[in-house]
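One structure below.
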Amino acid sequence: MFKQGASINIPTFGWRTIHQFHNNTSAMKCLTARDFEDLLQCALPVFEGILIDKESKDKEKAIHNKVILDLLFDLAAWHAYAKLRLHTDDTLAFFDSATVALGQSIWKFQRTMCKYYHTMELPHEHAAHGHRQAALASKQPGASHTVFGPKVKRLNLNTYKYHALADYPNTIYERGTIDSFNSQLVCTILFHLISPSNVPPGKA
-18 MFKQGASINI PTFGWRTIHQ FHNNTSAMKC LTARDFEDLL QCALPVFEGI
32 LIDKESKDKE KAIHNKVILD LLFDLAAWHA YAKLRLHTDD TLAFFDSATV
82 ALGQSIWKFQ RTMCKYYHTM ELPHEHAAHG HRQAALASKQ PGASHTVFGP
132 KVKRLNLNTY KYHALADYPN TIYERGTIDS FNSQLVCTIL FHLISPSNVP
182 PGKA
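Quick note on our numbering: the sequence shown kicks off at -18 and runs consecutively.
Pasting the structure below:
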């Protein structure tokens, strides 16, 4: 999470490259891929020293801060390799090494950080859950609406997105860079297949 007000001090860059950030990035809604990319590219200077108190000499927090910065650097490096529009055997080898380093950083973050910090869902997420519970209770006469506190949020690595990270270098080697294909081609093919003009007579 960005420090409140820190991200807004980051200047814009280029034409539609780095956009102006919201004062509180945790409260941003309807984030697009471009927004996540901008946040990642500008995360290092914002997170630097976020856990370290200038008046304190807590070595443990200094270690935690280094773990965060290492993870952000590995994420940014991995993202840069994944976005390249031209790859060679050398860059793919570097990309594979960056994927290994990213996996190690993620596991280190989970082991050393998650048990020290009690993380909860954001206020707007908690409010959305409350609205859904109230809506369900209103549809059931006599049902009582119980208000619960924010849910505990933990880093879950047992998801497909983490499992698929290792497939990116091999996929680019076999299929080409990720900017050379998208789901639009699949949608075009499906539309052509189901188009009424392509349905044989008597099958419609």
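Each residue gets a CB set at the ideal place from its N, CA and C atoms; glycine is no exception.
Can you tell me whether residue 19 is buried or exposed? The criterion is at least 16 other CB atoms within 10 Å of its CB, across all chains shown.
What you label residue 19 is simply residue 38 of the sequence shown in a count that begins at 1. By the 10 Å Cβ count, residue 19 comes out buried.
Test item: CB-CB of residue 110 and residue 101 under 9 Å
Against the sequence shown, residue 110 aligns to sequence position 129. Against the sequence shown, residue 101 aligns to sequence position 120. Their beta carbons are not under 9 Å apart, which means residue 110 does not touch residue 101 by this criterion.
Separation of residue 158 from residue 40, as counted between CA atoms
Walking along the sequence shown from the start, residue 40 turns up at place 59. Walking along the sequence shown from the start, residue 158 turns up at place 177. Each residue's alpha carbon lies about 43 Å from the other.
Less than 7 Å between C-beta atoms, sequence neighbours within five positions excluded: which residues of the same chain meet that for residue 116?
On the sequence shown, position 135 is the one that residue 116 refers to. Counting only Cβ-Cβ distances below 7 Å, and skipping sequence neighbours, we find nothing.
Can you say whether residue 62 is buried or exposed, counting buried as having 16 or more other CB atoms within 10 angstroms of its CB?
Residue numbering aside, residue 62 sits at position 81 when the sequence shown is read from its first letter. By the 10 Å Cβ count, residue 62 comes out buried.
From 56, 30, 144, 103, pick the residue whose C-alpha is nearest to that of residue 131; which is it?
Counted from its first residue, the sequence shown places residue 131 at position 150. Measuring from the Cα of residue 131, the nearest candidate turns out to be 103.
Rounded separation between residue 48 and residue 86 - CA only
Mapped onto the sequence shown, residue 48 falls at position 67. Mapped onto the sequence shown, residue 86 falls at position 105. Rounded to the nearest angstrom, the two C-alpha atoms are 8 Å apart.
Across which residues does DSSP place residue 133 in a beta bridge pair?
The sequence position of residue 133 within the sequence shown is 152, counting from 1. When DSSP reads this structure, residue 133 sits in a beta bridge with 101.
DSSP three-state assignment for residue -18, whether helix, strand or coil:
Start at 1 with the first residue of the sequence shown, and residue -18 comes out as number 1. Any reading at residue -18 must be qualified, since the residue scores a pLDDT of 43, below 50, and its modelled position is unreliable; the value itself is stated next. If DSSP states are grouped into helix, strand and coil, residue -18 belongs with coil.
Taking only three categories from DSSP, how would you classify residue 122?
Start at 1 with the first residue of the sequence shown, and residue 122 comes out as number 141. Reduced to three states, the DSSP call for residue 122 is coil.
Nearest-angstrom Cβ-Cβ length linking residue 144 and residue 93, presumed shorter than 8 Å
For this step, residue 144 is matched to residue 163 along the sequence shown. For this step, residue 93 is matched to residue 112 along the sequence shown. Actually they do not touch by this definition, with Cβ atoms about 22 Å apart.
Three-state secondary structure (DSSP) at residue 31?
If you number the sequence shown from 1, residue 31 lands on position 50. In the three-state reduction of the DSSP assignment, residue 31 falls in the coil class.
Grouping DSSP H, G and I as helix and E and B as strand, with all else coil, what is residue 151?
Along the sequence shown, read from residue 1 onward, the residue named residue 151 stands at position 170. Here residue 151 carries a helix assignment [DSSP, helix/strand/coil].
Tell me whether the beta-carbon of residue 146 lies closer than 9 Å to the beta-carbon of residue 88.
Here residue 146 is taken as the residue at index 165 of the sequence shown, counted from 1. Here residue 88 is taken as the residue at index 107 of the sequence shown, counted from 1. Residue 88 sits away from residue 146, with the two beta carbons spaced by 9 Å or more.
Can you give me the C-alpha to C-alpha distance between residue 152 and residue 53, rounded to a whole angstrom?
On the sequence shown, residue 152 is found 171 positions in, with the first residue counted as 1. On the sequence shown, residue 53 is found 72 positions in, with the first residue counted as 1. For residue 152 and residue 53, the distance between alpha carbons rounds to 24 Å.
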